[in-house]
Amino acid sequence: MNFDIPDSRAQETTVMIVPTFNERENIPELVRRFFLQLEEAHLLVVDDNSPDDTASVCEGLIQQYPNLHILRREGRRGLGPAYLAGMAWALEHNFEIIGTMDADLSHDPAHLPRMFSVLKDNDIVIGSRYVRDGGTINWKIRRVLLSWLANKYAAKLLGIPAHDLTSGFRLYRRKVLGNLQLERVKSTGYSFLAELLYRAHKSQASIAESPIIFFDRKLGVSKLQSKEIYWGAFNLLRLRCSKDLFQ
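In terms of our numbering, the numbers along the sequence shown are unbroken and rise by one, the last being 249.
Set out below in structure tokens:
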């Protein structure tokens, strides 16, 4: 099924946020694929002072891709703070559609036209592995099962009508992020992604899913550790019991 590429106006007011840490091998190909799909959109790389000098590789691509931007941060602060820094930058620069995706080629920019189509009638679109036509490639069955169970747990606990709460491949409307009081977000790592959806759900935002095929990373170093999964489960329980989400 073919989906229309967003028009120039939509692209010019769109920015995708890509957190990076040691992604110099992946970032040139990601940038190429992204601008092949959305040549007038913007891409913001938020780099946590990568030892492999990912940021310098990005800077070397700016002449070819002038809508590529780099936000350097000191030290390795984690996924959640990287997203928050990117979102603050995007809001400050008045983008209307603000997206997020991984840098390691797990998220294929070719899915973006379909996600934009779904966004027309919604406030948030999740690129989902766990809806019809979605899936994963190169994952062992244990990892698939663990991820699926973690998402079922999160959705049930938080009451969110979605299947893939830990997917970082998303599109948000500016008005939604502006209502979430991002400065009050406490979660880090992958539970951060679920907290954003919980806050959005509680603020009556409409959340939809669009199928993606998630490719296990080919290059670089995997950063997800088992302790982060357990800490994330605890964070979600804390979030569910919180009485001052927007206070």
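Even for Gly, the Cβ is constructed at its ideal location relative to N, Cα and C.
- With a cutoff of 7 Å on beta-carbon distance, Val127 and Ser212 are scored as near each other.
- Met89 carries a helical assignment under DSSP once its states are collapsed to helix, strand and coil.
- Assigned with DSSP and collapsed to three states, Gly101 falls in strand.
- Judged by DSSP in its simplified three-state form, Val48 adopts strand.
- A residue is called buried once 16 or more other Cβ atoms fall within 10 Å of its Cβ, and Asp166 is buried on that count.
- Between Leu239 and Ala156 a beta carbon distance of about 10 Å is seen, past the 8 Å cut, so the two are scored as non-contacting.
- Gly137 and Arg131 have their C-alpha atoms spaced approximately 5 Å apart.
- When beta bridges are read from the DSSP output, Val17 appears opposite His44, Ile100.
- In the DSSP assignment, Leu147 falls within the unbroken alpha helix (DSSP H) covering 143-160.
- If you check the CB distance, Asn24 and Ser52 come in under 7 Å.
- Ranked by Cα distance from Ile215, the options Ala84, His109, Asp125, Phe97 are led by His109.
- By the Cβ neighbour-count rule, Leu160 is buried, with 16 or more other Cβ atoms within 10 Å of its own.
- For Asp49, the closest of Leu40, Gln66, Phe37, Gly77 by C-alpha to C-alpha distance is Gly77.
- When the alpha-carbon of Lys122 is set against those of Leu63, Pro83, Leu173, the nearest one is in Leu173.
- Rounded to whole angstroms, the gap between the alpha carbons of Val120 and Thr56 is 32 Å.
- Per the C-alpha coordinates, the member of Arg74, Ala84, Asp6, Leu40 positioned closest to Gly191 is Ala84.
- Using a Cβ distance threshold of 7 Å, Asp135 and Arg175 do not count as a contacting pair.
- A check of alpha carbon separations from Val187 across Leu198, Gly180, Asn181 identifies Leu198 as the nearest.
- Distance from the CA atom of Trp150 to the CA atom of Glu14, rounded to whole angstroms, is 35 Å.
- With respect to Tyr67, Phe97 sits apart: the two C-beta atoms are not nearer than 7 Å.
- The secondary-structure analysis by DSSP pairs Tyr192 with nothing; it has no beta-bridge partner.
- Collapsing the DSSP output to three states places Phe5 in coil.
- In the displayed model, His71 falls within a strand according to three-state DSSP.
- Here Val20 is near Val47, since their CB atoms are less than 7 Å apart.
- Within the same chain, Cβ atoms closer than 6 Å to the Cβ of Val133 are found at His165, Glu211, Pro213, the five residues on either side in sequence being excluded.
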